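Quick notes on the structure that follows.
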Amino acid sequence: MDPLVIVSFLAAVLAATWRLATPFIYTSLGEVFSERAGVLNIGLEGVMLIGAFTAFSITFFTGSPVWGLAAAMAGGLTCGLLFAFLTVSLKANQIVVGAAFNLVGLGLTSFLYRSIFSGRMETAREYASFSPLEIPLLSRLPFFGEALFQQNLMVYATPFVVLAGAFVLYRTAFGLSVRSTGEHPRTVDAAGLPVGLIRYASVLIGCALAAVGGAYLTVAHTNQFNEGITSGRGFIALAVVVIGRWSPWGAFFISLLFGFFYALQLRLQAVSGITIPYQFLQALPYLLTLVVFVTLRKRADAPSALGVPYKSS
Amino acid sequence: MSETILKLDKIVKTFPGTVANRGISLEIRKGEIHCLLGENGAGKTVLMSIVYGLHQADSGHIFYQGEPIDLRSPKDAIKRGIGMVHQHFMLVPNLTVAENIILGQYPPWKVLRRMDQVERRIEKLSQKFGLKIDPKAPVHRLSVGEQQRVEILKALYHGVDLLILDEPTAVLTPQESSGLLRFLKEMAGHGLTVIFITHKLDEVMQVSDRVTVLRDGRKVETVDTSEANPRILAKLMVGREVFLEQPSKKGTQGEEVLSVRDLSVDDERRLPAVKGVTFSVRSGEIVGIAGVSGNGQSELALALAGLSPTAEGEIEFCGEVAHNISPRKLSRLGFAHVPEDRHKMGIVLPFTVAENCILHDFDNHPYARNGFLQSKTITAHANDLAQRYDVRLSGVEQRIGELSGGNQQKIVMARELHRRPRLLLVNEPTRGIDIGATEFVRRQIAAQRDAGAAVLLISSDLEELFALSDRLLIFFEGRIVGETPARKELIEEIGLMMAGKSMESFSAEK
Amino acid sequence: MHKRRLHNFFTVKNNLWHLVLISLGLFLSALAGGCSGGAEKRDDSDVFKVGLLSPGPVNGQGWTQIAYEALLKIEKELGAQISYVEVEQSPALFERAFRDYASQGYQMVLGHGFEFQDAALAVAKDYPDTWFFISSSKIHEGNVVGVDSDSSQPFYLMGIAAAKMGRGAGLIGGVEIPPITNAFIGFTNGVRSVNPDFPISTTYLGSWTDAAAAKEAALSMIAEGADFIIPDADAAGSGVYQALNETGPGYWSFGIYNDYTSQAPNNMMGNYFNDYGQGLVNIARQVRAGNFETQSNLVFGVKDRDVIWVEFEEGRASAEVLESVEKAIEGIIAGSINTLAPIR
Amino acid sequence: MAPPSAAVAVALLVGGILLLFAGYSPLKAYAVMWTGAFGSLNNLAETLLKSTPLILIGSGLAVAFRSGIWNIGAEGQLYAGAVAATLAGIVFTGLPAFLLVPLVLMAGMLSGAIWGGLAGFLKVRFGASEIVTTIMLNFLAIIATSYLVTGPMIEAVGKFPQTAQIADAARLPRILLPTRLHVGFLLSLGVAVATYLLLFKSSRGYALRTVGISPDAARYAGINVGAGLLAAMAISGGVAGLAGAVEVTGLTFRLYQEISPGYGFDGIAVALLANNNPIGVIFTGILFGALRSGSEVMQMNAQVPSVLVSVIQGVVLLSAAALGVFRITQTNNQEE
């Protein structure tokens, strides 16, 4: 291939990478908090859907994607409250509750979408969203111009949100207590800190960010909702957390990697002359996850108390 | 004397199924070292956890420096200058010393901007009190003794007036222990009040100003240490005269049953834990392994039991090569093992007593036929064991988790001993059980020896080792640093060896 | 308390009894309602009833929606009693739904997709009085009749427009199945009839819902130089229109099955309408009258001008383009153009 | 206390509120749902047909969950089983039914066991979290199936993404004509009983349960923990694969891209709700089968969107969790 073609090919892939990575970034960053505090939420897909639907409907009725985003966060917080109540206060099994969240998330959003929007199909398609903000001059840079300086606000925000997340986790007293809670909750208890409350807070952060990740799909990346729009991204985010070693920046870069695969997959198909079945490209992120497990050959250093309810003695 | 710093008034605390504290009243004076003495299960730790805010009393009042206080969490206690060093350390292994020390110190929104300042302050503190520690080291890299230093530093960093220590010497050598006791005395001299939970009479005599004896959730008495002696205290603690002199030690020793040559074993982190030990055990003798816990005894036990691979060396059991063979095969050769932590390994808590009785034999005739469990046979077997070993239970279909620690241990002993083993490995057999069960368990161990079994006894309780063993091997950092007859008069030498002085250097010093 | 919760399979027996009790309770409580509910439905045997098996949400946009709209149209124009059921994408469940409708006396049941074919065949023998229509199928066996919209024809027309006006085309499909691949073959043939070297690239999303992926696929095609991007991916297809809307004028698409102009008002060259409903109304009218018969499967194409047509937006295509399109329509109807000719 | 029944009641209540909100009459909707699930012989048969894969998968998952391994991958294992069964059913057309049917079912079972065992292997050998790997293997199985039916295994005549039909001799006999109920349902009951006996009455099951509660105690008892985990994954995967084979041989007779509407995920709920007891799974499987089956009829006759059933199933799980049904399964570690 012509080198110029390859360069433009890569530039376009890079631009798509960041956009496609964004929902993973938000969702997995939140899950890092949740798991660092010892709570595994496999219901991310359901929470993302609820975020996506809430953002969509509120934006539709208010005309403001900012309100939509705020509402999605509120929806995420509500999910988090319920999740934490069940798994932290009632010490219910986290896998069960997560699985239930996925069922309810899909069922509830689909049911409500039909109940509320069934008569408004046509109009439902038009509403404002976060549109790309071009940064003057920089966006004209060759190669990286589009990738870095021609995105929407929610995409631009990701490194800053991750930075903030890493700061909170590693540089604040709260973060210290979160990291301790997932590892050795009894110590946290003995230090006079409320284990339950810390887990509540972490789960709330996790669900709020998952909802933001879902909202991104309906008010930033596209401006529409459809049933099951998250298309399995919540599950990918779970894998991202593991491969990213439970760290915010790890989650960020692994999200970008998965975003890259996703973009490459869509892109390679369009290039004539490449006849790999598209299913193979689709399978790449999942295969990669398995390969990572095999090649690291080391027990993933998951928080030791992950998934174990804490019972003060 | 001086003023009262802490006053407890009729503290009652119940847990589902048990009453831990039945109305305990107590006064602690400022600047004293006050021992809380009692058997396991007497309610010492629970009472102090209430003072530290970990538990809340069902009824009763706490007065601190004259004021009634309401402690809802350790935070309240820490704020008032009450600190506690727990028996099981409360440290987060993947955090650094400094991070562990400031955990819970600041409101959640506080930005931990200058960790180096915190670290410097810790360094200063550690120099001032002679508790050497690197504040930047992650806790999981520290030895047990160092971890305890971190715990004490944590309390000092918080600026405590009242320090509670829960059995702090359990993990220390006698020399380290006396160092700690000296340190506490010095601190008390500076005005620190210390509450010292223990069941070791020597320590009480050595360190305390006054001692309160608890039994069965009640206060028996508070006495000035100067007016007490160990015999009186033991009587108060147990409620009757105790004759700690144990069954006779006359075994007829026979052939070599276990022989270990140049054995090395790695721990879970793949670091060498046992480094080339050689010893043997004959039938009809009890060999005790002494040492501060964490010096390779656990890894040795696991390797002997076929539960972890050996790195180098040989184990021979009844003339057969026995390293890296399965627990199953060992068991068939006549090996029985009472593991260190029965909750982790010895029993399956949610299973019934009957199910626990067949842990090794679940697929052996007659408990299983054609792959199916024979519930009648199993029940009958369990009933038989429970009766013979005096286990208190409502029925063998009761879940074992509902039994007391002593009765759980009796089930483990019963299961291991009824097979008439040729070699019995017992690891911390009486840890955490009441004195009645302790006596029973010790008698059973001695009876095995008398019946001709070879017994290897690992214990961090020197009293127990003296009472049962014929000879002692002393472990330090994965090596056998000495072998002595199990005579109490040698405690000083043994102590020094437990601290790493080998026999040669020891005799050289002398 | 906690200890009592320890697991033990003996306690499970209690739970089993509860389950038995629930079942009994449900049974009793529903008996009354169930019976009366059933009774309402019996004496309406002369009502004309039409049922639909939809492979996805009826508001799914695109493919699933056209069947639902068809059903509504039949209700409105013929006064039929209608019903639909969204069977999950599991062929194992289809047969039951067909049987339920047929046994309730539905005269006409539409299975909206080729995947319903086996199930309909299995049921049809038992219900000779019911017509089973299968969308995008070529079957004709007794009372099971395939009904197909030949989307390759309108896509052929779009291909002509793209090749005459643009620099390159991109096609974004949901999943690689015959209705989609056929449409894309038609498009390619249309393009080739104008300019054999005109670049076309194709991407399948592997999803009918992932609008974000569709959008990215469209954006990358634009980056590659395509200026006509056409989706055939149901709900996910909206992502394509959005990509065009954001990219700005000069990039074109067509609405698929419906009017999608509002989603990218400046980028719609036109809309491909598929009034499948009208086609079905035509059939249903005959079924109701009892005189429906056919010698083969049914295929709607541009010959059925009230069913399938492409409408260009005012002033966006030149007269020359429109003329070529009209000519192509004539050719297709006359049979001189085979829109499904194999691509070399 | 009756947590499971209370959980169902709460779920129906929540569903009812949603129905009211959307302008339906809950009582009428539920009545229709009931009739749809049990109202006639055919409806009953359809309910049992839907319960069949759920009972199978649930029984297998009960074994896995009791053994302490979180197999979230039954969906993928079902696909793996369906693919292998279809292949066997297409290739070995010459065999008589009494040979072919067992062969096809075994093929499905083996394939599911391998797919599940793969996650078990990754767990035992590399310490890979089975929760993550089984989720990944789900996606891989579904994508691979999509590739197979659009590519190498596509039917010869048509161009539809489906395989050819399996041989007549490979099809499961029906047991309740004129309904479609086939012998697979009886098979599922048999598997439930067999897994119950395995778990609670056999020495192997004793070993597995010990592994599930306390791996250390299991090692101490001379049980090979890794082999136990691998076996548990292979058994649950094999049974899920069998479910896939039963779907193909009993109902669809060929492979499609989407052979399961999420039975593998419902199976998790079915197993957990039955407290991982395979006998209980028979009842919870029928409950969930009835919910699905009834909701379809509810949509047909009352035009209530059938997605409601997901909400009801989810809320059943949530309220069962809240009521403490699942705390019964505990491990040694959680005891202090």
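Residue numbers (the working numbering), protein chains in the order written: chain A, 1278 to 1590; chain B, 537 to 1046; chain C, 96 to 439; chain D, 14 to 349.
Beta carbons: idealized from backbone N, C-alpha and C, even for Gly.
Note that the structure is a prediction, hence the values are computed from the model and not measured.
Which same chain residues end up closer than 6 Å to residue i when comparing Cβ atoms and leaving out the 5 residues on each side of it in sequence?
{"i": "B:M1033", "result": "I1010, V1017 and G1018"}
{"i": "C:G132", "result": "For C:G132, the predicted structure reports a pLDDT of 37, less than 50, and the residue's modelled location is therefore unreliable. A value from the coordinates is still provided. Same-chain partners within the cutoff: there are none."}
Between residue i and residue j, is the Cβ-Cβ spacing less than 9 Å?
{"i": "B:P902", "j": "B:T888", "result": "no"}
{"i": "C:T304", "j": "A:N1500", "result": "no"}
{"i": "D:R232", "j": "B:P863", "result": "yes"}
{"i": "D:V283", "j": "D:V76", "result": "no"}
{"i": "D:N31", "j": "D:V322", "result": "Before going further, note that residue 31 of chain D is Leu rather than Asn in the sequence given. Not in contact: D:L31 and D:V322 (Cβ atoms no closer than 9 Å)."}
{"i": "D:L91", "j": "D:A256", "result": "yes"}
{"i": "C:F193", "j": "C:F227", "result": "yes"}
{"i": "C:V286", "j": "C:K310", "result": "no"}
{"i": "A:E1460", "j": "A:A1369", "result": "no"}
{"i": "B:D702", "j": "B:I569", "result": "no"}
{"i": "D:L198", "j": "D:L304", "result": "For clarity, residue 198 of chain D is Phe in the given sequence; the question names Leu instead. Contact flag unset, no."}
Which chain A residues are close to residue i, counting only those with a beta carbon under 7 Å from its beta carbon?
{"i": "B:Y642", "result": "A1450"}
{"i": "D:L31", "result": "F1388"}
Take residue i as the anchor and find which of the options has the nearest alpha-carbon.
{"i": "C:A45", "options": "A:S1508, A:A1514 and A:I1513", "result": "Since the displayed chain C opens at 96 and closes at 439, residue 45 of chain C lies outside it and no answer follows."}
{"i": "A:A1332", "options": "A:A1492, A:L1363 and A:W1526", "result": "A:A1492"}
{"i": "B:G753", "options": "B:G574, B:A989 and B:E1025", "result": "B:G574"}
{"i": "C:G151", "options": "C:F143, C:I161 and C:V242", "result": "C:I161"}
{"i": "D:G133", "options": "D:F105, D:F152 and D:I85", "result": "D:I85"}
{"i": "C:A214", "options": "C:S246, C:T434, C:R191 and C:I280", "result": "C:R191"}
{"i": "C:T225", "options": "C:T283, C:M203 and C:S333", "result": "C:M203"}
{"i": "C:A219", "options": "C:F189, C:E415, C:Y352 and C:T298", "result": "C:F189"}
{"i": "D:P39", "options": "D:V328, D:T48, D:G293 and D:G29", "result": "D:G29"}
{"i": "B:P758", "options": "B:G870, B:L939 and B:C571", "result": "The sequence given here has Thr at residue 758 of chain B, not Pro. It is B:C571."}
Who are the near neighbours of residue i in its chain, counting only those whose CB is closer than 7 Å to its CB and skipping five residues on each side?
{"i": "D:V3", "result": "With chain D covering 14 to 349 only, the question about residue 3 of chain D has no answer from this structure."}
{"i": "D:N55", "result": "T192"}
{"i": "C:G54", "result": "This structure gives no information on residue 54 of chain C, because the portion of chain C shown stretches from 96 to 439."}
{"i": "D:G130", "result": "L243, M246, A247 and G250"}
{"i": "A:T1458", "result": "A1314, G1315, V1465, V1472, I1475 and R1476"}
Can you pull the chain E residues whose beta carbon is under 7 Å from the beta carbon of residue i, in chain order?
{"i": "B:V628", "result": "The displayed structure is made up of protein chains A, B, C and D, and chain E is not among them."}
Closer than 9 Å by beta-carbon distance: list the chain B residues that pair up with residue i, in chain order.
{"i": "A:L1583", "result": "Per Cβ cutoff of 9 Å: no residues; A:L1583 is ~13 Å from chain B at best."}
{"i": "A:S1454", "result": "L639, G640 and P644"}
For a contact meaning CB atoms closer than 9 Å, what does residue i contact in chain C?
{"i": "D:T163", "result": "V270, E271 and I272"}
{"i": "D:N55", "result": "R191, R194, D195 and S198"}
Just to make sure I have the definition right: I need the residues of chain D whose C-beta is within less than 8 Å of the C-beta of residue i. Which are they?
{"i": "A:N1503", "result": "Near A:N1503 there are no residues of chain D at all, since even the closest Cβ is about 13 Å away, more than 8 Å."}
Tell me which same chain residues have a C-beta within less than 8 Å of the C-beta of residue i, skipping the five on either side of it?
{"i": "C:G129", "result": "Summary for C:G129: the model assigns pLDDT 38, below 50, so the residue's position carries little reliability, and this model does not support an answer."}
{"i": "B:E952", "result": "A872, H873, V874 and L960"}
Can you pull the chain D neighbours of residue i, defined as C-beta to C-beta under 7 Å?
{"i": "A:G1469", "result": "Here the premise fails: no neighbours, minimum Cβ distance about 19 Å."}
Using a C-beta to C-beta distance shorter than 7 Å, which residues of chain C count as neighbours of residue i?
{"i": "D:F34", "result": "Chain C residues near D:F34: none, gap ~18 Å exceeds 7 Å."}
Report the neighbours of residue i on chain A: residues whose CB is nearer than 8 Å to its CB, in chain order.
{"i": "D:Q316", "result": "Within 8 Å Cβ-Cβ: nothing; D:Q316 doesn't reach chain A, min ~10 Å."}
- Task: Check distances from the C-beta atoms of the segment 62-82 of chain D to those of chain A and list, in chain order, the residues that come in under 8 Å.
- Result: none
- Query: Taking any Cβ of chain B, which residues in the segment 221-249 of chain D have a Cβ under 9 Å from it, in chain order?
  - Reply: R222, T223, I226, S227, D229, A230, A231, R232, Y233, A234, G235, I236 and N237
- Message: Tell me which residues of the segment 1529-1544 of chain A have at least one Cβ-Cβ distance to chain D shorter than 7 Å, keeping chain order.
- Response: none
- Of the residues that make up the segment 284-313 of chain C, which ones have a beta carbon closer than 9 Å to any beta carbon in chain A? P294, I295, S296, T297, T298, Y299, L300, G301, S302, W303, T304, D305, A306, A307, A308, A309, K310, E311 and A312
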